[in-house]
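Working notes, structure below.
Residue numbers (full-length UniProt numbering): 1 to 93.
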C-alpha cells in the first residue's frame, strides 16, 4: 500500500453464539482500509466505521441483549430503504 494513500479504519462485524448458554454476541476486528475500498465495503454492508455504535459494540464483544438494552426506546429512523418489521427481520442462508 502506498504511503500517501488515504485510509479509513473499518470494523468487520460478525455474530457468534455461545455454545454453553446460547447467547449471541457481536465480535469485530478493525483494519486500516484504503478509502477507495472502504466506500465499497460500507456500501455493501460488509464493514462499519470503527467509531460507529456497531463498531464499538463489536470491539467490546457485547451480547445482543446488551445491545437491545442500550437502544431500548431508541427512536432513530430505520436505515434508508428499510422500515418497520422488515428492517428487523433476519434471514439465514
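Glycine included, C-beta positions come from ideal geometry on N, C-alpha and C.
Quick check on residue i: buried or exposed, where buried means 16 or more other Cβ atoms within 10 Å of its Cβ?
i: residue 73; result: exposed
i: residue 57; result: buried
i: residue 62; result: buried
From residue i to residue j, what does the alpha carbon distance come to, in whole angstroms?
i: residue 69; j: residue 40; result: 31 Å
i: residue 60; j: residue 27; result: 7 Å
i: residue 33; j: residue 21; result: 35 Å
i: residue 19; j: residue 43; result: 32 Å
i: residue 14; j: residue 30; result: 12 Å
i: residue 66; j: residue 38; result: 28 Å
i: residue 36; j: residue 64; result: 31 Å
For a test of the three-state rule: what should DSSP assign to residue i, helix, strand or coil?
i: residue 92; result: Model confidence at residue 92 stands at a pLDDT of 48, short of 50, so the residue's coordinates are unreliable; what they give is reported in the following sentence. In this structure, residue 92 counts as coil in the three-state DSSP scheme.
i: residue 70; result: helix
i: residue 145; result: Because the chain in this structure spans residues 1 to 93, residue 145 falls outside the shown range and cannot be described.
### Query
Does the region 39–59 come close enough to the region 8–25 to have 3 or more Cβ pairs within less than 8 Å?
Under the 8 Å Cβ criterion, the region 39–59 counts as touching the region 8–25, having at least three qualifying pairs.
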